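So the structure is just underneath, and the comments pick up after that.
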Amino acid sequence: MIQDIIKAQLANALQQLYKADAGSQGIVIEETSPDYEGDFTFVVFPYLKVSRKNPEQTASEIGNYLKVTFTELESFNVIKGFLNLSVRTDYWLNFLFENYQKENFGKAEPNSKQAVLVEYSSPNTNKPLHLGHIRNNLLGFAVAQILEANGNIVKTCNLVNDRGIHICKSMVAWMQLGNGETPESSGLKGDHLAGKYYVEFDKQYKKEIESLRLSGMSIEDAEKKAPSIIAAQDLLVKWEAHDPETIRVWKTMNDWVYAGFDETYKKLGVRFDKFYYESNTYLLGKEIVQEGLINGVFFKKDDGSVWIDLTEDGLDQKLVLRADGTSVYITQDLGTAELKYKDFGCERSIYVVGNEQDYHFKVLKLIASKLGKKYAPGIYHLSYGMVELPHGKMKSREGTVVDADDLIAEMEHTAAETTKALGKMEGESEADLAILYHTIGMGALKYFLLKVDPKKKMMFNPEESIDFQGNTGPFIQYTHARIRSVLRNAAGFNKNSFDPKAVVLSKVEKELLVKMYQYPLVIAEAAKDLSPGVLCNYVFELAKIYSLFYHDHPIIKEPNPDQKTMRLFSCELTARIIKSAFGLLGIQVPEKM
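By my numbering, the letter at position 223 of the sequence shown is numbered 223, and the numbering carries on one by one without gaps.
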C-alpha cells in the first residue's frame with residue numbers, strides 16, 4: 001500500500017536530515033482534510049526536537065527531500081506543522097486499471113491468519129426472536145464475514161438456550177392452560193406459540209403474588225411461594241432427572257420453536273456452521289465443576305452448593321452449581337467452551353452477547369484460566385449495547401417486545417410504499433418487486449443496526465432507517481443501482497483503448513480513486529475493532545463521493561475516449577466495492593431500483 005511506502009520514505013527523510021531513527025512503524029500519516037490539497041498528511045510537531053527548527057521549516061525540508069527521493073510524490077504543501085503530500089496521478093490511474101475487474105479486491109489472502117470461532121444468536125426456546133436478537137444476529141454474522149475477508153479461518157456457532165427455569169415457565173403455562181394447542185391448531189409459528197405461554201406464565205405469576213401479598217405475605221416470600229414458580233422449579237428438577245413426560249413436553253415445544261427460528265434466520269440471511277444446545281453441554285460443565293472441586297479451584301458450602309472465590313481477582317464469590325445439583329449459566333458455558341475447543345481448536349473464541357453479561361464473561365474467562373484451559377486466553381466477549389425504541393425498553397415476559405418477524409414484514413411494507421412513491425419500478429413483475437422490497441427493507445434494517453458502534457446503546461426508528469437520502473442502506477443500494485444502470489447503458493464500449501497520459505483527474509475523481517484504494521485498509525480496521533460500523537461509514541462516504549462525481553461529470557457522453565474509459569472503470573470498481581462491502585454486512589444490492 002502507498003501508505004507503507006510513504007511511511008518508509010518519511011522515516012528515511014528523518015534519518016537523513018536529522019539523524020532521527022524513527023522507524024516506519026512509528027510514523028503516523030492521516031488522510032488530508034478535504035479543506036486542503038493533498039492525499040496524506042504528516043504532522044511534524046513530534047519531531048521538532050530533532051530538527052531544531054520551527055514547524056514550517058521542518059515540514060518544508062522534509063517535503064523538499066521527498067520531492068527528490070520519492071518518485072511517486074507529485075507535490076506537497078505546508079500548512080504550519082502539517083505536511084500535505086499529493087501522490088502522482090498515474091499511480092492512482094494504474095491502481096484503477098489493475099483492480100477495476102477484480103472480484104475479490106480488498107480481501108486478504110484466504111486462511112492466512114488465525115482461526116476464529118464466532119458464537120452468536122444464542123436464543124432462548126421460550127420465545128421468538130425480537131429486535132435485540134436481530135442486532136445480535138446481524139452483528140455476529142457481519143463480524144464473521146469481515147474476519148474471513150481479513151484472511152482469518154472463521155467458523156460460526158449458535159448456542160441454543162434450550163433448558164433452565166425460563167424454559168420451564170413456558171412449559172408450565174402450556175401444560176396448565178394450553179389445552180393441547182399446537183402451531184397447526186393455532187395458526188401461529190412455533191416460536192410465537194411458546195412465547196405466548198411465556199407471557200401467560202408471567203401474568204398468572206403476578207396474579208398469584210398479588211393474592212399472596214393481600215393475604216399478608218411479604219413480597220419477597222410471595223415471589224418464592226407462588227404456585228406457578230414452585231411448579232416451574234419442580235419441573236426443572238424433573239427435567240434434570242429425565243422424567244419421561246417432562247422430556248416429552250420439552251422436546252415437543254422445542255421442536256416447534258426450532259422450526260420457527262429457522263424461518264426467521266432465513267429471512268435475516270444468517271447461517272451457522274454448528275449448533276450447540278445447553279441441554280447437552282451442561283452435563284460436561286458439571287464434570288468440569290467436579291474436576292475443579294478435586295483440584296481445589298471450587299469449594300462446596302454447607303448446603304451442598306459449589307462456588308468459586310474470585311475476591312482476590314477483584315470480583316466476588318460465584319455460584320457454579322446449585323444446592324439441589326442443578327446447573328447455572330456458568331456451568332453450561334464451561335461445558336460449551338470445552339466442546340467448542342475440541343470441535344474447532346480455534347485460537348480465538350468470540351462471544352457476541354449483550355453488555356448486561358459483561359461480568360459473566362469476565363468470570364468465565366477467569367475460571368477457565370484457573371482451570372488451566374488452553375482456550376482461556378482466546379475467550380473474548382464482543383459486548384454490545386441494547387436496542388431501544390422511541391417508546392422505551394422491551395420486555396419479553398410482558399409481551400412488549402418488537403417481534404423479529406413482524407419487524408421484517410413492516411420493513412418490507414415500508415420499502416414497498418417508499419419505492420412505489422418514487423414511481424421508478426413500473427412494469428416490473430410482482431415477483432421481482434417482492435424480491436426488491438425485501439432487499440431494500442432488509443438493507444435498511446441491517447445498515448441502521450450495524451452502522452452504530454457495537455458498544456453503544458442505540459435507538460431504532462424504522463422510518464429513519466428506510467430513507468432514500470442520507471446515511472442509510474437504501475441510499476447506498478440506490479447508488480449501486482444507479483452505477484449498474486450507467487454500465488448497462490455503456491455496454492459494448494471498447495474499454496481496452498486507455499491511455500493514462502491522456503486523462504486529467506478532477507478533484508472529485510481523485511477523491512473517488514483514493515477512497516476506493518482504502519478499501520483493504522478499512523476491512524483490516526473493521527476486523528481489528530470487530531466493528532461493522534467502520535465498514536458502514538466507509539461505504540457511505542464512498543457512495544457520497546460517487547454521487548458528487550456522477551453529478552459533476554458526464555460519463556456516457558464524455559467526448560474524450562480515454563477520460564470516458566477512466567470514468568467507466570471508476571464506476572465498475574465503485575459498484576464492486578459497494579457490493580463487496582454490503583455483502584460482508586449481509587446486505588444485498590439490487591441491479592435496478
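C-beta: ideal position from N, C-alpha, C; glycine also. If you're wondering where the values come from, they're calculated on a predicted model, not measured in any experiment.
{"Item": "Please return the same chain residues whose Cβ sits closer than 8 Å to the Cβ of E541, not counting the five positions on each side in sequence.", "Value": "K515"}
{"Item": "For L422, count neighbouring Cβ atoms within 10 angstroms of its own Cβ and tell me buried if that reaches 16, exposed if not.", "Value": "exposed"}
{"Item": "DSSP three-state label for H242, please.", "Value": "coil"}
{"Item": "So, with DSSP's three-state summary, where would you put G151?", "Value": "coil"}
{"Item": "Taking all protein chains shown into account, decide if V504 is buried (16 or more other Cβ within 10 angstroms of its Cβ) or exposed.", "Value": "exposed"}
{"Item": "For F298, does the count of other Cβ atoms within 10 angstroms reach 16, so buried, or fall short, so exposed?", "Value": "buried"}
{"Item": "Taking a contact to mean a Cβ-Cβ separation below 7 Å, would you say N64 touches E37 in this structure?", "Value": "no"}
{"Item": "Looking only at its own chain, which residues have a Cβ that is under 7 Å from the Cβ of D453, when we skip the five neighbours before and after it?", "Value": "S531, G533"}
{"Item": "So, does the segment 538–554 touch the segment 473–489, judging by three or more C-beta pairs under 8 Å?", "Value": "yes"}
{"Item": "Could you check if I556 is buried or exposed, using at least 16 other CB atoms within 10 Å of its CB as the buried criterion?", "Value": "exposed"}
{"Item": "Return the first residue and the last residue of the beta strand (DSSP E) that V87 is part of.", "Value": "82–87"}
{"Item": "One question on the structure: do I435 and A415 come within less than 7 Å of each other, judged by their Cβ atoms?", "Value": "no"}
{"Item": "How many angstroms separate the CA atom of Y546 from the CA atom of I587?", "Value": "19 Å"}
{"Item": "Which value, in whole angstroms, describes the spacing of the CA atoms of S506 and V402?", "Value": "48 Å"}
{"Item": "Just reading off the beta strand (DSSP E) that A115 is part of, what are its end residues?", "Value": "115–119"}
{"Item": "Taking 7 Å as the limit between beta carbons, can you name the residues of its chain near F201, skipping five residues before and five after?", "Value": "K169, S170, V172, A173, S228"}
{"Item": "Specify the secondary structure class of M459 as computed by DSSP and reduced to three states.", "Value": "strand"}
{"Item": "For S580, count the other beta carbons within 10 Å of its own beta carbon; 16 or more makes it buried, fewer makes it exposed. Which is it?", "Value": "buried"}
{"Item": "Just to check my reading of the structure: S383 and V363 have Cβ atoms closer than 8 Å, yes? What is that Cβ distance to the nearest angstrom?", "Value": "Incorrect: roughly 14 Å between the Cβ atoms, too far for contact."}
{"Item": "Less than 8 Å between the CB atoms is what I'm expecting for N99 and L573, so what's the real figure, rounded?", "Value": "6 Å"}
{"Item": "So who's on the other strand from W307, going by DSSP bridges?", "Value": "F299, L319"}
{"Item": "Assign G260 to one of three DSSP states: helix, strand, or coil.", "Value": "helix"}
{"Item": "Using a Cβ-Cβ cut-off of 6 Å (strictly less than) and excluding sequence neighbours within five positions of I350, which residues of its own chain qualify?", "Value": "V118, Y380, L382"}
{"Item": "Just tell me which of L449, F549, D562 has its CA closest to the CA of K501.", "Value": "D562"}
{"Item": "Anyone know if the C-beta pair for V320 and I308 falls short of 7 Å?", "Value": "yes"}
{"Item": "What are the boundary residues of the alpha helix (DSSP H) that includes Y65?", "Value": "55–69"}
{"Item": "Per DSSP, what kind of secondary structure is D35 in: helix, strand or coil?", "Value": "coil"}
{"Item": "Counting along the chain, where does the alpha helix (DSSP H) carrying S383 start and finish?", "Value": "Counting along the chain, S383 falls outside any alpha helix (DSSP H), though it belongs to the beta strand (DSSP E) covering 379–384."}
{"Item": "Where does E511 land, buried or exposed, given buried means 16+ other C-beta within 10 angstroms?", "Value": "buried"}
{"Item": "Output the boundary residues of the alpha helix (DSSP H) element that contains F475.", "Value": "473–489"}
{"Item": "Specify, as a first and last residue, the run of the beta strand (DSSP E) that E646 falls within.", "Value": "The question about residue 646 has no answer, for the chain in this structure spans 1 to 593."}
{"Item": "For Q101, tell me which candidate among G81, S570, S465 has the shortest Cα-Cα distance.", "Value": "S570"}
{"Item": "Which word fits H551, buried or exposed, when buried means at least 16 other C-beta atoms lie within 10 angstroms of its C-beta?", "Value": "exposed"}
{"Item": "If you measure between the beta carbons of T336 and N254, is that distance less than 7 Å?", "Value": "no"}
{"Item": "With distances taken from CA atoms, which of E291, K451, Y341, K238 is nearest G473?", "Value": "K451"}
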